[in-house]
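Participant:
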Ligand SMILES: Cc1cc2nc3c(=O)[nH]c(=O)nc-3n(C[C@H](O)[C@H](O)[C@H](O)COP(=O)(O)OP(=O)(O)OC[C@H]3O[C@@H](n4cnc5c(N)ncnc54)[C@H](O)[C@@H]3O)c2cc1C
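Numbering (this note's numbering), first residue to last: 5 to 407.
#1: In the DSSP assignment, find the alpha helix (DSSP H) that holds residue 359 and state where it starts and stops.
#2: Counting along the chain, where does the beta strand (DSSP E) carrying residue 204 start and finish?
#3: Going straight from the alpha carbon of residue 66 to that of residue 20, what length do you get?
#4: Given a cut-off of 7 Å on the beta-carbon distance, is the pair residue 103 and residue 24 in contact?
#5: Does the beta-carbon of residue 222 have 16 or more other beta-carbons within 10 angstroms, so that it is buried, or is it exposed?
#6: Pull up the distance between the alpha-carbon of residue 211 and that of residue 306, whole angstroms please.
#7: Closest to residue 483 by CA distance: which of 8, 228, 338, 313 is it?
#8: Is the distance from the Cβ of residue 170 to the Cβ of residue 47 below 7 Å?
#9: Mind checking whether the beta-carbon of residue 33 lies closer than 6 Å to any heavy atom of ligand 1?
#10: Shorter than 6 Å, the distance from the beta carbon of residue 38 to the closest heavy atom of ligand 1, or not?
#11: Using the Cα positions of residue 185 and residue 237, report the straight-line distance between them to the nearest angstrom.
#12: Taking 6 Å as the cut-off, is the CB of residue 94 close to at least one heavy atom of ligand 1?
#13: When the Cα of residue 271 is compared with those of 364, 319, 58, 343, which residue comes out closest?
#14: Quick check: what's the CA-CA separation for residue 327 versus residue 289?
#15: Using the beta-carbon count (16 or more within 10 Å), is residue 63 buried or exposed?
#16: Bridge partners of residue 98, per DSSP?
#17: For residue 240, which residues of its own chain have a beta-carbon under 7 Å away from its beta-carbon, when the five flanking residues on both sides are left out?
#18: Hey, would you say the C-beta of residue 160 is under 6 Å away from at least one heavy atom of ligand 1?
#19: Whole angstroms are fine: how far does the CA of residue 250 sit from the CA of residue 97?
#20: Can you give me the Cβ contacts of residue 12 inside the same chain, cut-off strictly under 6 Å, excluding the 5 residues immediately before and after it?
#21: Strictly by DSSP, which residues pair up with residue 167?
#22: Compute the distance between the beta-carbons of residue 99 and residue 195, then report whether it is under 7 Å.
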């Protein structure tokens, strides 16, 4: 089969690896419009579940990804001058540049043709049995048929900027800072032994009040370095590599599509769906899309059938994460509902921000209910643990009484 993957992001590159592994006779080309080694963004987070899946699909690239990732297992929240530290699930971070470099090297080693500085036009698709639109959220290939795909882009309310820093955080770090124009906050996490990611977010009124909507990128960074000096320890924030100097602030758009394939064209990764960055799942979902599409193509030689199966499977797998991402984005949009709670409550509800119930229950009541449910769960687990032991003890006593 001849396959053209448009876009050399995680989705397109990983699909090319899996297809070539599956059948070395597949003719697979990845077209990436940017030069090799240049991409946007900083580090991305992922969790153990993804590594397990990658290991099962292609142990070589999984090992390389694991080797170049960093780990943390605590979260810290700074609210004004107060800080709360809590243990959490083990998180992993890897630089986007490094991830793409590793995937490109593996794809090449398997015989995938990588064509950089090769921008594909929606009006002139490559000659292939299957064209994969892995060309990101602004996908030109999808936009050309936006109505048929039923594409819907819903903008969030807040503004954000994706930055790097040479401050290496030792845990997943949140910092909320109050200004005279409202709150502004940062999520920071390490992605190498030298750098971390900082995503900074605030409401549009705060951005305008601070003058950041009109500031150049250099002035924005200087102002943010002052606001977040207490977590950066004097380290600089770093902006875009290919900056035009203008405002770097963006609005996140949640993308959905009514259908994900049309004739020989199929959507993959961010071109098919986006989930708010505050749940840190987009890259994982893009890689899982690639796994599902490769699997569907292996299972069925009938292309429409394989594409329908891929879409069905991924659409249903995404439902709960899309909901979690929507609620998480809304939590930050309604920050003033939570930010003045006592620190341990605020931190607990930050961890519960994906909950569909939280927006409808007074936060302190939700916190108490959640704690009570947690205690009940501990009791339930204790009962489950104790039950068989009591039963075994009673059985042994009955046996010895009979002897
Ligand atoms: C602020 C922020 C933080 C994030 N943090 C995380 C995180 O912590 N964890 C996580 O899992 N995800 C995170 N994400 C999401 C993640 O970056 C994306 O979901 C992921 O990159 C999607 O991969 P993709 O391959 O589908 O698309 P992309 O990575 O966007 O790749 C698309 C590629 O296609 C190329 N391209 C576009 N058009 C064409 C064309 N016409 N011809 C040829 N090439 C083309 C582009 O240059 C690009 O290289 C974050 C996103 C944001 C915005």
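Think of the CB as a built atom: it goes at the ideal place given N, C-alpha and C, for glycine as much as any other residue.
Remember, predicted model here, so these are calculated numbers, not experimental data.
Facilitator: Inspection of the coordinates gives the following:
#1: Careful: residue 359 lies outside any alpha helix (DSSP H) and carries neither H nor E.
#2: 200–206
#3: 15 Å
#4: no
#5: exposed
#6: 52 Å
#7: With the chain represented from 5 up to 407, any question about residue 483 goes unanswered, as that position is not in the structure.
#8: no
#9: no
#10: yes
#11: 24 Å
#12: no
#13: 319
#14: 14 Å
#15: exposed
#16: 48
#17: 169, 170, 229
#18: no
#19: 29 Å
#20: 34, 36
#21: 202
#22: yes
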